[in-house]
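Notes to accompany the following structure.
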């Protein structure tokens, strides 16, 4: 497999179930709009060196690549059940550039432009393909009130909601996405039989069974223990695609090779997790009792698929999301270094040159950018996770903050990323360079904001930017370029961290909604910056080479 060019537009695989026809194209966005939007994604070759893998692990990886192709098929349907037919039409017509953009966005909606349709003018349902497209929140809540014993199934990460004879019903993923769940299960069993790595074998065997039961707990625990050359994630994880409730998990896959020297270097930060939790700017009663095991892996991405491949590419992730696993064993941070370097070179630096004042521009660095990404992911595992209700029931914060959870969690992780980097600088874990950290933090703001402020990451950054502008920590100089007040930065960040952590600690849905509505705005300063970036790439469009 080494030296083989592998262009995984996996959506070109067979995605249409037998008997499905093509979907009509009733309207299209202008070609010049599509061309402009496609230009926002800088083409880049992502390379991963597989030469150190054993022969059997390479064979295992080939099976996993086939499984990742199936993940694409499943996620495409989660976005919208009509997607396979629409894709078939585009492929039949060889309809470029619409086909190219559909493959990037995994559907007919522009994820960078508030889900604006570029085909057929149909608005994207807030609940994507997880719920009936015309279902309202009120109908969902009424169904729960009528059937309180069904609440756990209705709110489960691993059920879709369907209307049957006028009544809402919860259908388990492993049934709703047949025959794909069975196909993936078989491929994972075959991959497990091939690998030399005992920890990977155990994970793949358990994960194979999980695709048939939707019980991912044991395989999530096993994933925490992976210690070989391959780092593999495959299954339903993030809930961002469900903009109705943030309940439903989307299928995704990461296939990576471990960079062991870099991983060992960064894992030092994990030794300070308990101290970082103790240092959080909230009262002791609100601090987490989660397990604080936090393996850190630096990897080279071989291939990604599904949710993580749609639109903006993932730089790092912190999993699993199951709070039971986090309380028992903590979470693992995986840093995709080849992706991070590509984004920094192709997207980050051009933005910084257009927006930053001269002094902060001279102090930005890839190392600081990468370290902030690391601490962002580590910070997801800090702070409130489960809340004890007055009746004694333990409830996941995400269930209480509902559709606002994802944006407030991404905001928290960003802010604590800086807050904790400062903490570790004081302890000599990272070189002490507060100015360089603040400059790099500010310089990276608009790469995320350009994703759209309705998206969890972009919206979370908009909150930070507007809050810090309000506090005078950020400002525009006389030439309209962005700068910061070094003396105001740390206090303002601590104040913001406190506010966001307390919203989570108290499960305050109303307060979170008010806070998000106040600060997740496209302010005149933000819009002026966005206007300057019309010709700068927003993200990368990877071709995987290995």
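Residue numbers (the numbering used here): 1 to 546. Ideal placement from N, C-alpha and C gives every residue a C-beta, glycine not left out.
Assigned secondary structure, residue i (DSSP; H/G/I helix, E/B strand, else coil)
i: residue 378; result: helix
i: residue 11; result: Because the pLDDT of residue 11 is 40, which lies under 50, any placement of that residue in the model is unreliable, and the question is left without a value.
i: residue 367; result: helix
i: residue 543; result: strand
i: residue 318; result: strand
i: residue 453; result: coil
i: residue 551; result: In the structure as shown, the chain starts at 1 and stops at 546, and residue 551 therefore has no counterpart that could be examined.
i: residue 410; result: helix
i: residue 480; result: coil
i: residue 29; result: coil
i: residue 427; result: coil
i: residue 22; result: coil
i: residue 2; result: For residue 2, the pLDDT reaches just 38, beneath the cut-off of 50, and the residue's location in the model is therefore unreliable, although a value from the coordinates is still provided. It is coil, neither helix nor strand.
i: residue 17; result: Summary for residue 17: the model assigns pLDDT 36, below 50, so the residue's position carries little reliability, and this model does not support an answer.
i: residue 213; result: helix
i: residue 48; result: coil
i: residue 169; result: strand
i: residue 386; result: strand
i: residue 439; result: helix
i: residue 43; result: strand
i: residue 312; result: coil
i: residue 336; result: strand
i: residue 422; result: helix
i: residue 87; result: helix
i: residue 273; result: helix
i: residue 474; result: strand
i: residue 53; result: coil
i: residue 400; result: helix
i: residue 356; result: strand
i: residue 432; result: coil
i: residue 129; result: coil
Burial state of residue i, where buried means 16 or more other Cβ atoms lie within 10 Å
i: residue 313; result: buried
i: residue 517; result: exposed
i: residue 114; result: exposed
i: residue 376; result: buried
i: residue 472; result: exposed
i: residue 321; result: buried
i: residue 524; result: exposed
i: residue 435; result: exposed
i: residue 374; result: buried
i: residue 151; result: exposed
i: residue 522; result: exposed
i: residue 440; result: buried
i: residue 51; result: exposed
i: residue 353; result: exposed
i: residue 536; result: buried
i: residue 391; result: exposed
i: residue 418; result: buried
i: residue 283; result: exposed
i: residue 164; result: exposed
i: residue 393; result: exposed
C-beta atoms of residue i and residue j nearer than 9 Å
i: residue 315; j: residue 335; result: yes
i: residue 378; j: residue 420; result: yes
i: residue 276; j: residue 323; result: no
i: residue 246; j: residue 405; result: yes
i: residue 445; j: residue 433; result: no
i: residue 126; j: residue 243; result: yes
i: residue 120; j: residue 34; result: no
i: residue 224; j: residue 332; result: yes
i: residue 62; j: residue 305; result: no
i: residue 542; j: residue 339; result: yes
i: residue 206; j: residue 195; result: no
i: residue 311; j: residue 106; result: yes
i: residue 361; j: residue 544; result: no
i: residue 383; j: residue 300; result: no
N-terminal and C-terminal residue of the beta strand (DSSP E) that residue i is part of
i: residue 251; result: 251 to 258
i: residue 305; result: 296 to 306
i: residue 394; result: 394 to 396
i: residue 164; result: 159 to 164
Residue range of the unbroken alpha helix (DSSP H) whose run includes residue i
i: residue 137; result: 137 to 146
i: residue 391; result: No alpha helix (DSSP H) contains residue 391, which DSSP labels as neither H nor E.
i: residue 509; result: 509 to 519
i: residue 152; result: 151 to 155
i: residue 487; result: 486 to 505
i: residue 347; result: Counting along the chain, residue 347 falls outside any alpha helix (DSSP H), and DSSP gives it neither H nor E.
i: residue 525; result: 524 to 532
TODO: Enumerate, from N- to C-terminal direction, the unbroken alpha helix (DSSP H) stretches of 4 or more residues contained entirely within the segment 89 to 127.
DONE: 98 to 105
| query | What alpha helix (DSSP H) runs, 4 residues minimum, are completely inside the segment 198 to 249? | reply | 198 to 213 and 217 to 223
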